[in-house]
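Residue 4 is where the sequence shown starts when you use the numbering used here, and the numbers rise one by one after that.
Comments concern the structure below.
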Amino acid sequence: MLPYGHQVIGDGEIRAVERALRSEFLTTGPEVDRFEAEFAEFVGARHAVAMSNGTAALHAAAHVAGIGPGDTAVVPPLTFVASANCVRYLGGDVVFVDVRRGTLTLDPDLVAASMPPRCKAVITVDFTGLPSDLDELRLLAHGHGALLIEDAAHAIGAEYRGRKVGGIADLTVFSLHPVKQMTTGEGGVVTTNSDEWASVLRRFRNHGISVDAAQRAASGSWIYDVPTLGFNYRLTDIQAALGRAQLEHLPTWLARRREIAAMYSDMLAPLDVLELPVEPADRRSGWHLYAVRLRSGALRADRAEVFSALRAENIGVNVHYIPVPHLTYYRRLGHVPGGWPVAEDAYERSITLPLWAGMTDADVRDVCDAVSKVCDVFRR
Ligand SMILES: *Cc1c(COP(=O)(O)O)cnc(C)c1O
4 MLPYGHQVIG DGEIRAVERA LRSEFLTTGP EVDRFEAEFA EFVGARHAVA MSNGTAALHA
64 AAHVAGIGPG DTAVVPPLTF VASANCVRYL GGDVVFVDVR RGTLTLDPDL VAASMPPRCK
124 AVITVDFTGL PSDLDELRLL AHGHGALLIE DAAHAIGAEY RGRKVGGIAD LTVFSLHPVK
184 QMTTGEGGVV TTNSDEWASV LRRFRNHGIS VDAAQRAASG SWIYDVPTLG FNYRLTDIQA
244 ALGRAQLEHL PTWLARRREI AAMYSDMLAP LDVLELPVEP ADRRSGWHLY AVRLRSGALR
304 ADRAEVFSAL RAENIGVNVH YIPVPHLTYY RRLGHVPGGW PVAEDAYERS ITLPLWAGMT
364 DADVRDVCDA VSKVCDVFRR
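What follows is the structure in structure tokens.
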């Protein structure tokens, strides 16, 4: 089975991890500092703060936005559940606002029309790697005293109006899970241009402690303080060493992902039963996912049947995502399916094809052949 996503690990990664294991530090140390500096430079942000995973990074960003009980945050329904869970960790209420037809990212017109009271954050998701309408959303958020948090877990290396995502929103969150464009096993990063927020993030990932171990060692003192509650969300030096080795390959891998996406778009264009992903002229996707949608009524089979037929062809297709307000926990909070027609329709018709940097041209052709075959079998 050709998986829908997969990590690429070479000898460089193995040597880097071995070097870290033989070094003085295993947990957060100099490798994390270097990884953060290199990551910040790559995405064009002033600060990068590494976390133990992308979900922890979202939690930390939501904390910076000051979300607490009685506050609200806007989140699109078409995302991984972690984008919304981070609001609930802090006792805030999630207000799901639908996505835009075409790009499938948060719709600024709907956000403007339905900005809830006590909104502390607009959390937008760069779905499949395509940057959201960041300029419009940032203005809207700031106009209501809220921060723009960009969940860029899909979008490492994506570009919006000529700049990489990372220094555009107030806080940008990345995931380093193995299925994403690069990995540290588990890991996450928050980037920001604010010195103040960067230090709040660092404190949050280290129990709320106001000085770190290195500062304490330098001052030769046991004294520390905990001004606010924090967590242990640290990345290890072992993981950071792996991340630095991955960063070296990232530009090549991103180019390969673009190449594969372009091959899909060329080869699948003749299949009029499919809607292919769009990439507006002012942005470039990071191509975490290549998701096609079945045109309503064009096939005799529903999505589940097409999905099974592709799996039977050994194509590891997937579906992204069950709308978050449809999940039991969110239904219990009072969210009622049916309120987000664009996201719900996209979900019903969507199938994610395999896309990762290690795929060969022959793999891409195999996927396209299987998709053509299945579409022909089920065509009306
Ligand atoms: C992967 C992902 C996350 C969470 O990242 P982890 O590193 O797995 O915790 C958050 N949001 C989205 C949209 C994701 O795809």
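Backbone N, C-alpha and C define an ideal beta-carbon position, used for all residues, glycine too.
Just so it is clear, the structure is predicted and the values come from calculations on it, not from any experiment.
| Query | Result |
| --- | --- |
| 8 Å contact criterion, which V77 and V100 should meet: CB distance rounded | 5 Å |
| The region 357 to 373 in contact with the region 9 to 24 per 3-pair CB rule at 8 Å | yes |
| Beta-carbon contacts of V380 that lie in its chain and below 6 Å, excluding the five residues immediately before and after | none |
| Best match in E282, L179, V367, E21 for proximity to R259 [C-alpha to C-alpha] | V367 |
| Three-state secondary structure (DSSP) of A76 | strand |
| Element boundaries [beta strand (DSSP E), containing H50] | 50 to 54 |
| Closer than 7 Å: V77 CB and nearest ligand 1 heavy atom | no |
| Short CB-CB distance (under 8 Å) between G341 and chain B | Judged by its chain identifiers, the structure shown contains no chain B, having just a single protein chain. |
| Same chain, Cβ closer than 7 Å to R261, neighbours up to 5 away in sequence not counted | W290 |
| Stretch-stretch touch, CB-based, cutoff 8 Å, three pairs: the region 348 to 355 with the region 314 to 323 | yes |
| First and last residue of the uninterrupted alpha helix (DSSP H) at G57 | 57 to 67 |
| Whether C122 touches H147 by CB criterion (8 Å) | yes |
| Same chain, Cβ closer than 6 Å to G170, five either side skipped, listed in chain order | G47, A48, N196 |
| Near ligand 1: V97 beta-carbon under 7 Å from a heavy atom | no |
| Three-pair Cβ contact test at 8 Å for the region 29 to 49 versus the region 175 to 194 | yes |
| With 16 other Cβ atoms within 10 Å as the buried cut-off, status of M4 | exposed |
| Length-filtered (3 minimum) beta strand (DSSP E) runs lying within the region 189 to 229 | 191 to 195 |
| Proximity winner among Q242, V276, D372, G191, relative to R18 (alpha-carbon distances) | Q242 |
| Three CB pairs or more closer than 8 Å across the region 205 to 213 and the region 228 to 246 | yes |
| Endpoints, beta strand (DSSP E) assigned at E27 | That residue, E27, is in no beta strand (DSSP E); it is neither H nor E in DSSP. |
| Whole-angstrom distance between M266 and L245, CA atom to CA atom | 30 Å |
| Paired residues, beta bridge with F177 - DSSP | V192 |
| Cutoff 7 Å; reference I126; Cβ partners in own chain excluding five residues on either side | A76, V77, V78, S86, I152, D154 |
| K376: CB within 7 Å of a non-hydrogen atom of ligand 2 | With respect to ligand 2, the structure offers nothing, as its ligand set consists of ligand 1. |
| At least three beta-carbon pairs within less than 8 Å, the region 156 to 170 to the region 280 to 289 | yes |
| Three-state secondary structure assigned by DSSP to Y236 | coil |
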